[in-house]
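If you read the sequence shown in this note's numbering, its first letter stands for residue 8, the second for the next number, and so on. Quick reminder that beta carbons are idealized off the backbone N, C-alpha and C, glycines included. Heads up, the thing below is written out as structure tokens.
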Amino acid sequence: MIQAIDNVVNAISGVLYQPYIVPLLLILAGIYFTIQTWLLQFRLFGESLRVVKEKPVNLGATSSFGALMVSTASRVGTGNIMGVSTALCLGGPGAIFWMWITAILGGASAFVESTLAQIYKKRDRDGGSYGGPSYYMQDALGQRWLGVVFAVVLILTYVVGYNMLAAYNTQDTFSVFSFYSSRTRYVIGAVLAVLFGICVLGGGKRLTRVTEVLVPLMGLLYVIVSLIVVIMNISSLPRVFGMIFRSAFDFKAIFGGFTGSCIMWGIKRGLYSNEAGMGSAPNAAAAADVAHPAKQGLVQMLSVFIDTLLICSATAFMCLFSGVLPTADAAGAAYVQASTRAVLGDFGPVFLTAAVCLFAFTTLLGNYYYTEGCLRFIMKREPSKTFMLIFRLCATVLIFLGAVISAGLAWDTADLLQALMVLINVPVILILAKPALAALKDYEAQRKAGKEPVYRAAKNGVSGTDFWN
């Protein structure tokens, strides 16, 4: 039964990831937004670093940094380790190059979608804000039905697809240890589910506090260890970059079998990791209390770079500099574990397992954070306490199930659902890009005039918003 479901999911996913559907849409959208913003990713990278340090406009509100950590908690997860390993093993070393390209182009898409979420965000009962793609589909595009469809797909993607996959990847890292048995995955699944349940039953504010502490810590430690591995094997630098670029531009191999090529795996795993264009991060971006929507757009652009250009690269270099060659049989935890053991000895697998556990836990929390806003949108009101209790308990049970299902079903389900999000959100932000691009122009004009930018909706041709008036 499970194998039959996996076959259907894999078949549909295979169609969506044909070169002319999801990959082409992501790349063309990224190129279009990069041109329209005049290479925003490069011009304003320094500005994004400045903005992320700003405090919220109102005391006690969600800061840019807080919203960044929630979105980064979702982005930075097991995909940065297992996803990169899978891409290297099944697509070759060139996959990391195409992950970089996906991130660089995706930074512009992330800016647009998150700026739109800020412009059309809603005011909650406490004076804070919430929002996301469903809201700009409803208010800017005038298509509430599409917003509902997107909200349903997002909930399925994160509660079912991504969280089950994170749970599976977490237990998989323990498979290299002698104590691992068929029962181990059940124990790990139960522990993850209990810890997750404790956090989500405490509400959204607790999620923000937990992720603000864990995300920077785990990311810093992981990058430091990867740098140590690179320095220990610095003589391999020419060999590693030679492997990456030769594989990335081996077009005969790429177009001879696109679905298994480095481009395909780089885009698929790059999207799973940084989520640019999917419409997930805007849900966190809408909660930030900033004086100008473009500020949070810049912050979310930075999140994409942190995820892929920093954390994913750390994994790729740690593996490739180890001298252990990627093979299809080692895709997933096995390749990363073998690489860290080759360089760091017995400490390597232990460190990697600890890193995955931290990555996975914050991913579970960050993923869940997005879903409550979607529930509010679908129901047009705050869900009852009883409903939310049942929903949170179901989300907790799914984490346990994710730890015990097959690898194929876990990955294929996540790939399919994230593709559906892209197919809904990217065409919408292409249609609605004008307010976001106008906000960027307004922001830069005020900065050039020496002012601290403040956004006014009417001045930018936007009406019917809860904020900015």
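Item                                                                                                                                                                                        : Value
Enumerate in chain order the residues of its own chain whose CB-to-CB distance from Phe324 is below 8 Å, with the five nearest sequence positions on each side excluded.                    : Ser233, Val236, Val237 and Val247
Comparing C-alpha positions only, which one of Lys387, Cys381, Ser413 and Gly409 sits nearest to Phe398?                                                                                    : Cys381
Run through DSSP, which three-state label would Arg130 get?                                                                                                                                 : strand
Can you tell me whether Arg276 is buried or exposed? The criterion is at least 16 other CB atoms within 10 Å of its CB, across all chains shown.                                            : buried
Which runs of the alpha helix (DSSP H) at least 4 residues long sit entirely within the region 82-156? Give them in chain order.                                                            : 89-98, 101-126 and 140-146
Specify, as a first and last residue, the run of the alpha helix (DSSP H) that Phe384 falls within.                                                                                         : Phe354 to Met386
By the 10 Å Cβ neighbour count, where 16 or more other Cβ atoms means buried, how is Met271 classified, buried or exposed?                                                                  : buried
Would you identify the three-state DSSP class for Trp272, choosing helix, strand or coil?                                                                                                   : helix
Determine, using beta carbons only, whether Tyr450 and His299 come nearer to each other than 8 Å.                                                                                           : yes
In angstroms, rounded to a whole number, what distance separates the CA positions of Thr191 and Ser391?                                                                                     : 36 Å
With a cut-off of 8 Å on the beta carbons, I'd call Phe384 and Ser92 a contact; round off their distance for me.                                                                            : So it is not a contact: roughly 36 Å between Cβ atoms.
How should Lys458 be labelled, buried or exposed, when 16 other C-beta atoms within 10 angstroms of its C-beta is the threshold for buried?                                                 : exposed
Where does Phe407 sit, in a helix, a strand or coil, going by DSSP?                                                                                                                         : helix
In chain order, what residues of the same chain lie with their CB nearer than 8 Å to the CB of Leu447, ignoring the 5 residues before and after it?                                         : Thr44, Leu47, Phe118, Thr122, Ala301 and Gly304
Is Tyr229 helix, strand or coil when you go by DSSP?                                                                                                                                        : helix
Please identify the residue among Gln145, Ser254 and Ile438 whose C-alpha is closest to the C-alpha of Trp105.                                                                              : Ser254
When DSSP labels each residue in this structure, what does Asn176 get in the three-state scheme?                                                                                            : helix
Below 8 Å on the Cβ atoms is my contact criterion, and I expect Tyr169 with Asn432 to pass it. Report the Cβ-Cβ distance as a whole number of Å.                                            : Actually they do not touch by this definition, with Cβ atoms about 16 Å apart.
List the whole-angstrom C-beta distance separating Ile274 from Thr164, where the pair is believed to meet the contact cut-off of C-beta under 8 Å.                                          : Rounded, the Cβ-Cβ distance is 17 Å, inconsistent with contact.
Count the other CB atoms, across all protein chains shown, that sit within 10 Å of the CB of Ile42; report buried if there are 16 or more and exposed otherwise.                            : exposed
Taking the Cβ atom as the reference point for each residue, do Ala417 and Gly196 lie within a distance shorter than 8 Å?                                                                    : no
Between the C-alpha atoms of Ile12 and Ala337, what's the straight-line distance to the nearest angstrom?                                                                                   : 24 Å
Quick check: Ser346 and Cys326, are their CB atoms within less than 8 Å of each other?                                                                                                      : yes
Pick out whichever of Ile38, Ala147, Trp152 and Ile111 has its Cα sitting closest to the Cα of Met386.                                                                                      : Trp152
What number of angstroms, rounded off, separates the C-alpha of Phe328 from the C-alpha of Phe184?                                                                                          : 23 Å
I need the straight-line Cα distance from Ile412 to Tyr175, nearest angstrom please.                                                                                                        : 7 Å
Between Ile34 and Tyr229, what straight-line distance do the alpha-carbon atoms span, to the nearest angstrom?                                                                              : 29 Å
Would Ile19 pass as a contact of Leu423 if the rule is Cβ separation under 8 Å?                                                                                                             : yes
Within this structure, are the beta carbons of Asp353 and Asn87 separated by less than 8 Å?                                                                                                 : no
Identify, in the order they occur along the chain, each residue of the same chain with its Cβ nearer than 6 Å to the Cβ of Ser243, setting aside the five sequence neighbours on each side. : Phe328
According to DSSP, simplified to helix, strand and coil, what is Thr334?                                                                                                                    : coil
Only counting the same chain, and skipping five residues up and downstream in sequence, which positions put a Cβ closer than 6 Å to that of Ser200?                                         : For the sequence presented, residue 200 should be read as Ala rather than Ser. Excluding positions up to five away in sequence, the list reads Thr403, Ile406 and Phe407.
Three-state secondary structure (DSSP) at Val543?                                                                                                                                           : This structure cannot settle anything about residue 543, because the visible part of the chain is limited to 8 through 476.
Applying the criterion that 16 or more other CB atoms from any shown protein chain within 10 Å of the CB defines a buried residue, is Asp133 buried or exposed?                             : exposed
Where does Phe265 sit, in a helix, a strand or coil, going by DSSP?                                                                                                                         : Annotation note: pLDDT 49 at Phe265 (below 50); position unreliable, no value reported.
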